[in-house]
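S.K.: Take a look at the following structure, please.
Residue numbers (full-length UniProt numbering): 1 to 221.
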């Protein structure tokens with residue numbers, strides 16, 4: 001179990017990092033007037049993306065990039081090549097919901113009075129965006145990201161089976177085939193513990209973005 005866990009954590013963390021990058025890129029691009037259609041698309045596709053079966057998406061990516069385009073081998077790939085498609089597979093379902101929530105949060109924060117005050121004081125557009133808007137817009141995104149990361153770990157287990165990666169997913173499949181109840185119980189406990197720890201970490205990070213949540217003298221808030 002301990003030898004399989006690092007591969008699953010690597011896949012989950014890389015997938016979440018890629019999903020976050022995609023979400024920020026989509027949210028930033030959709031705010032451009034020339035890409036108004038992208039904004040409309042982000043308001044409708046997240047439900048479709050998050051409902052995509054991970055195993056189907058992985059098989060579709062293998063068919064497209066490995067067998068048709070022949071860009072990424074799936075037979076005896078290098079360690080880096082072997083991670084590309086699995087990481088994309090786990091990142092796609094959660095990138096669109098993250099982008100949608102981030103975009104809505106940015107739109108809501110941009111209309112707040114403190115943003116208008118910052119602009120009136122002569123702050124540059126980039127400073128207003130990153131110092132005032134983005135810092136406050138990340139609060140709801142962090143809450144949802146914790147839940148989506150827990151879901152991503154579950155998706156990573158299925159993705160490992162599709163791509164033949166030696167992680168917790170492959171171990172789970174072997175335990176099911178061998179009816180090894182002890183291993184299955186350990187996998188369930190680890191998954192539940194990871195979900196709880198992730199959300200505790202999110203709660204611990206919230207005061208860094210919202211000073212109102214930071215403790216003050218006397219223990220009150």
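Built from N, CA and C at the ideal position, the CB exists for glycine as well.
Since the model is a prediction, treat every value here as computed from it, not as a measurement.
Assess, as a yes-or-no matter, whether the segment 172-185 is touched by the segment 127-143 under the definition of 3 or more beta carbon pairs within less than 8 Å.
M.R.: Judged by Cβ distances under 8 Å, the segment 127-143 makes no contact with the segment 172-185, as fewer than three pairs qualify.
S.K.: Could you pull out every residue in the same chain whose Cβ sits closer than 6 Å to the Cβ of residue 99, ignoring the five residues on either side in sequence?
M.R.: Once the five neighbours on either side are set aside, the close Cβ partners of residue 99 are 23, 26, 27 and 42.
S.K.: Can we say the segment 10-21 touches the segment 59-79, given the rule of at least three CB pairs closer than 8 Å?
M.R.: The segment 10-21, when compared against the segment 59-79, does not touch it at the 8 Å Cβ threshold.
S.K.: Going by CA-CA distance only, name the one from 36, 130, 89 and 38 that's closest to residue 12.
M.R.: When only C-alpha atoms are compared, the closest one is 89.
S.K.: Ordered along the chain, which non-local residues of its own chain (more than five positions away) have a Cβ less than 8 Å from that of residue 54?
M.R.: Answer for residue 54: 89, 90, 93, 155, 158, 159 and 162, listed in chain order.
S.K.: Is residue 85 near residue 67, with beta carbons less than 8 Å apart?
M.R.: No. Outside cutoff.
S.K.: Look at the alpha carbon of residue 35 and the alpha carbon of residue 106, and state the distance between them as a whole number of angstroms.
M.R.: Going from the Cα of residue 35 to the Cα of residue 106 covers about 16 Å.
S.K.: I need the straight-line Cα distance from residue 113 to residue 150, nearest angstrom please.
M.R.: Cα to Cα, residue 113 sits roughly 35 Å from residue 150.
S.K.: So, with DSSP's three-state summary, where would you put residue 1?
M.R.: Residue 1: coil per DSSP, three-state reduction.
S.K.: Would the beta-carbon of residue 152 fall within 8 Å of that of residue 15?
M.R.: Yes, these two residues count as a Cβ contact at 8 Å.
S.K.: Tell me where the alpha helix (DSSP H) around residue 39 begins and ends.
M.R.: That run of the alpha helix (DSSP H) goes 36-42.
S.K.: Enumerate in chain order the residues of its own chain whose CB-to-CB distance from residue 115 is below 8 Å, with the five nearest sequence positions on each side excluded.
M.R.: Answer for residue 115: 109, 128, 132 and 133, listed in chain order.
S.K.: Could you give the DSSP three-state label for residue 11: helix, strand or coil?
M.R.: DSSP places residue 11 in helix when its eight states are reduced to three.
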